[in-house]
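*Asks:* Got a structure for you, written out below as structure tokens; questions coming shortly.
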Amino acid sequence: MENRELEQIVKECSKGKSKAQELLYREFAPKMLGVCLRYSNDLSEAEDTLQDGFIKVFQSIKSYQFKGSFEGWIRRIMVNTALEKFRKSKNMQVVDEVWEPDPDSEPDESIQSSNIPLEVLLQMVQGLPDRYQMVFSLYVLDGYTHNEISEVMDITVGTSKSNLARGRAILKQKVNDFLSEKENKLKIC
Amino acid sequence: MLDENKHIDSLFADGLKGMSVEPNPEVWNAIDGKMAATRRKRRGVIIFISAALAASVLLFFGVANRSLFISKPGGFPTEQMSDNSSSVNQSDDSEVFSETGGKDKADTEVTNVEDGNGVFIAENTSNFAKNIVQPIITSRENNFEKESLLNSIPLGIRQLLNASNQIPESLQYEHAEKSKAIQLSAEDLIVMNNLLAMEQSRKDELRKNRWAIIGQISSAYSNEESAASANSGIVSFGGGVKVNYALGEKLALQTGFMYNRVGQDMGGSRMDLAFADPMGEGETNNFNKQERTVLPSHTTAGNIRYTGGNIEDRTNAEYMVASTYSSSDDLMQSFETIEVPILLRYNLTQKRLGVYLSGGIGANWIVENGVYRTSGSRQKIGEIENLRTTNFSSLFGLGFEYQLSPKVRIGLEPSFKYYLNSINKSGQFDYKPYSIGVHTGIRYNF
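Protein chains in written order, with my numbering: chain A, 1 to 189; chain B, 1001 to 1446.
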């Protein structure tokens, strides 16, 4: 979509035009659902976040000043919506995954992302305990700093760092497990 | 170690950053429905606010023109006047009934998307165009159990948490084959703990929003309704600050400081006479024909103590003789008060447009007491004697609040206030003013 066309659609949206809202949704919804999936536990939850996020986008689109990337602006709203949901549910008891680091397992430096299907990578992130998932997604996938994470998640910078380290460690373990299993299957064949 | 971290980060970032997934069509339907409902609500609110403003303006101008309430004909007591005195009474007898109505807002339920058949469109993988829902659901079974359990347990959570971790008798099936005690697993206990946490969260949320501050301004019509009263009321503006403390989900306590004014307009009940020249011989042919104003010695609120210069007290009856001269003077009596109300508020609805009832009592301190001459420029000429400084009133209101954001609401509250005691200490006067007004304001929840 060209910038001029996008600008026109955004202006129409700020007037509350339903047709323009649908066009905007069709343009950005798939990418934004990709963002929401990283902060949710499953597709249904991600679609809920997407729905709430787009309603916020349409309600606050008048405040968009055409400065910076529009996609970045929508992405920020989606991430904030996901964080809001996380904050609301943070009183829930977190069932920590029992994880004991395996001293023998070293990450295989030859791992290529193409070796692991995308849905498996997503499942690994979604399988992290909620807080680790949030911190990992914010830091690694959306480029937040630890200071920013500490603010939006209401935790200390130290906690953010330790959650990231722990999240990474769990993911490494899962990646290694997946690759070993795959290797074993190949050997059997 | 740093390289290891970078490696694992890039593994996930490369895969997930550009991920694009086609959402279920139902998501757009839900968004569109919600936005349509918002547009309808906005229209409803505009109609409501317009109607409310129109009602306020109507009340203000209606009262200002003395056309809203009946003014009884009559005048100040004339027992000290001579038989020849005449009075000019003015009254406008008319009634205006105004009615405002609010448009009910429409609620639209948003359909939750349950059956997600998301098709992934991935640029860097060939085997990804498959349904991803099932594996994800499997990996997070607990979440679904939480929801289904929450929906299926109608009774209080505490009933479930007995010492033996068993379903209480009241929850067990009647049939023998189904009546085996259901042992709660550790997972169920976690779910229950989570339910308890949710209940606690709800309480915490309520506790968090317990306090609110409300700034209000008001326009009110006030008068006094007694058999002796024959005067029109006055319209005044006031305002103040209240704090709101939520006792529960529906009930709240309010208090604060409010500035108000009550009084009455005595136009139409005064008379002017000519005074005799006090230095004259007392004969009627020696009357000083200079036109002068005769003022009453008291109102229904109490005796007037005149403090202005060159004003003859009517009690100096020896100086007065009857006359047929008419008057052009108006008098107004007004009391400015600081009120500390204690109100109980009950929320009838708590959606975006909230409706509530409020009632209570208020302690009113009279901070300014005056009798004014209002013909021409307003001039204070005296005050009412022997007033009670502290008075009590009852308050009733029906209010509407519209939520602008989770923290901010604007409100409109027609209210009625009636003094419970006579504001004059003397038993001779029974003056209990009332006021009917509209409060508008803004509320901020902490």
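Ideal Cβ placement from N, Cα and C applies to all residues, glycine included.
What number of angstroms, rounded off, separates the C-alpha of B:ILE1436 from the C-alpha of B:LYS1034?
*Replies:* Approximately 39 Å between the Cα atoms of the pair.
*Asks:* Name the residue from A:ILE170, A:ASP142, A:LEU118 whose alpha carbon lies nearest to the alpha carbon of A:LEU128.
*Replies:* Of the candidates A:ILE170, A:ASP142, A:LEU118, the one whose C-alpha sits nearest the C-alpha of A:LEU128 is A:ILE170.
*Asks:* With a CB to CB cut of under 7 Å and the five nearest residues on each side skipped, what residues in its chain are close to B:ARG1450?
*Replies:* Residue 1450 of chain B lies beyond the residue range present for chain B, which begins at 1001 and ends at 1446; the question has no answer from this structure.
*Asks:* Specify whether the region 64 to 84 of chain A and the region 32 to 46 of chain A touch according to this definition: at least 3 beta carbon pairs, one from each stretch, less than 8 Å apart.
*Replies:* Touching, yes.
*Asks:* From B:LEU1404, B:ALA1036, B:ILE1342, pick the residue whose C-alpha is nearest to that of B:VAL1243; which is it?
*Replies:* Among B:LEU1404, B:ALA1036, B:ILE1342, the Cα nearest to that of B:VAL1243 belongs to B:ILE1342.
*Asks:* Inspect the beta-carbon positions of B:LYS1354 and B:SER1393 and report whether they are closer than 7 Å.
*Replies:* As written in the sequence, residue 1354 of chain B is Gly, which differs from the Lys given in the question. Not closer than 7 Å, so no.
*Asks:* Would B:PRO1025 pass as an interface residue toward chain A - the criterion being a Cβ-Cβ separation below 7 Å?
*Replies:* By this cut-off, B:PRO1025 is not an interface position.
*Asks:* Just how far apart, CA to CA, sit B:SER1219 and B:GLY1233?
*Replies:* Rounded to the nearest angstrom, the two C-alpha atoms are 13 Å apart.
*Asks:* Give the straight-line distance between the Cα atoms of A:GLU45 and A:ALA29, rounded to the nearest whole angstrom.
*Replies:* Looking at the two C-alpha atoms, the distance is approximately 15 Å.
*Asks:* Check whether chain A comes within 7 Å of B:ASP1188, counting only Cβ atoms and requiring the distance to be less than that.
*Replies:* Chain A, which has no Cβ nearer than 7 Å to the Cβ of B:ASP1188, makes this no.
*Asks:* What is the rounded straight-line gap between the Cα of B:GLN1216 and the Cα of B:LYS1432?
*Replies:* The alpha-carbon atoms of B:GLN1216 and B:LYS1432 are separated by roughly 24 Å.
*Asks:* Taking the straight line between their C-alpha atoms, what separation do you get for A:ASP42 and A:GLN126?
*Replies:* Roughly 7 Å separates the two Cα atoms.
*Asks:* Classify B:PRO1341 as helix, strand or coil using the three-state DSSP reduction.
*Replies:* DSSP places B:PRO1341 in strand when its eight states are reduced to three.
*Asks:* Among B:LEU1247, B:LYS1017, B:GLU1224, whose alpha-carbon lies nearest the alpha-carbon of B:ASN1209?
*Replies:* Residue B:LEU1247 is the option with its Cα nearest to B:ASN1209.
*Asks:* Would you kindly work out how many angstroms separate the C-alpha atoms of A:LYS56 and B:PRO1023, rounded to a whole number?
*Replies:* Looking at the two C-alpha atoms, the distance is approximately 17 Å.
*Asks:* When you compare the CB positions of B:GLY1427 and B:ILE1304, do they come within less than 7 Å of one another, or not?
*Replies:* Result no, Cβ atoms of B:GLY1427 and B:ILE1304 do not sit closer than 7 Å.
*Asks:* Classify A:ILE155 as helix, strand or coil using the three-state DSSP reduction.
*Replies:* A:ILE155 falls in the coil class under three-state DSSP.
*Asks:* Suppose you measure from the CA of A:LEU118 to the CA of A:SER40; what does that come to, to the nearest Å?
*Replies:* Each residue's Cα considered, the two are about 16 Å apart.
*Asks:* For a contact meaning CB atoms closer than 7 Å, what does B:GLU1022 contact in chain A?
*Replies:* PRO30, listed in chain order.
*Asks:* Helix or strand or just coil, what does DSSP make of A:LYS182?
*Replies:* The answer is helix: DSSP assigns A:LYS182 an H, G or I state.
*Asks:* With H, G and I counted as helix, E and B as strand and the rest as coil, what does DSSP make of A:PHE136?
*Replies:* It is helical.
*Asks:* Contact criterion: CB-CB distance below 7 Å. Does B:ILE1031 meet it with respect to chain A?
*Replies:* Yes, B:ILE1031 lies at the interface with chain A (some Cβ there is under 7 Å from its Cβ).
*Asks:* Quick check: B:ALA1252 and B:ARG1352, are their CB atoms within less than 7 Å of each other?
*Replies:* Cβ atoms of B:ALA1252 and B:ARG1352: not closer than 7 Å.
*Asks:* If we count Cβ pairs, one from each stretch, closer than 8 Å, do we get three or more for the region 1418 to 1425 of chain B versus the region 1388 to 1406 of chain B?
*Replies:* At 8 Å Cβ cutoff, the stretches touch.
*Asks:* With burial defined as no fewer than 16 other Cβ atoms inside 10 Å of the residue's Cβ, what is the status of A:LEU121: buried or exposed?
*Replies:* Buried is the call here.
*Asks:* From A:GLU5 to A:ASP48, what distance separates their C-alpha atoms?
*Replies:* Rounded to whole angstroms, A:GLU5 to A:ASP48 spans 28 Å at the Cα level.
*Asks:* Might you give, ordered along the chain, the residues of its own chain that have their beta carbon closer than 7 Å to the beta carbon of B:GLN1333, omitting 5 neighbours on each side?
*Replies:* Excluding positions up to five away in sequence, the list reads GLY1263, GLN1264, MET1266, THR1299, ALA1301, VAL1371, ILE1384.
*Asks:* Measuring alpha carbon to alpha carbon, tell me which residue in B:THR1038, B:VAL1408, B:GLY1411, B:ASN1386 is nearest B:HIS1425.
*Replies:* The question names His, but residue 1425 of chain B in the sequence shown is Lys. Nearest of B:THR1038, B:VAL1408, B:GLY1411, B:ASN1386 to B:LYS1425, Cα basis: B:ASN1386.
*Asks:* How would you list, in chain order, the residues of chain B whose beta-carbon sits under 8 Å from the beta-carbon of A:GLU148?
*Replies:* What A:GLU148 touches in chain B: nothing, since even the nearest Cβ is about 17 Å away.
*Asks:* Taking only beta-carbon positions, decide if B:ASP1009 is within less than 7 Å of chain A.
*Replies:* It does: the Cβ of B:ASP1009 has a partner Cβ on chain A nearer than 7 Å.
*Asks:* Could you have a look at A:ALA29 and say whether DSSP puts it in helix, strand or coil?
*Replies:* Residue state, collapsed to three classes: helix.
*Asks:* Between the C-alpha atoms of B:VAL1027 and A:SER14, what's the straight-line distance to the nearest angstrom?
*Replies:* So the two alpha carbons sit approximately 21 Å from each other.
*Asks:* Tell me which residue opens and which closes the alpha helix (DSSP H) that A:ARG75 is part of.
*Replies:* Its alpha helix (DSSP H) spans residues 70 to 88.
*Asks:* Using the beta-carbon count (16 or more within 10 Å), is A:SER160 buried or exposed?
*Replies:* That one is buried.
*Asks:* Check B:PRO1433 in the structure and name its three-state DSSP category.
*Replies:* Looking at B:PRO1433 - three-state DSSP - the assignment turns out to be strand.
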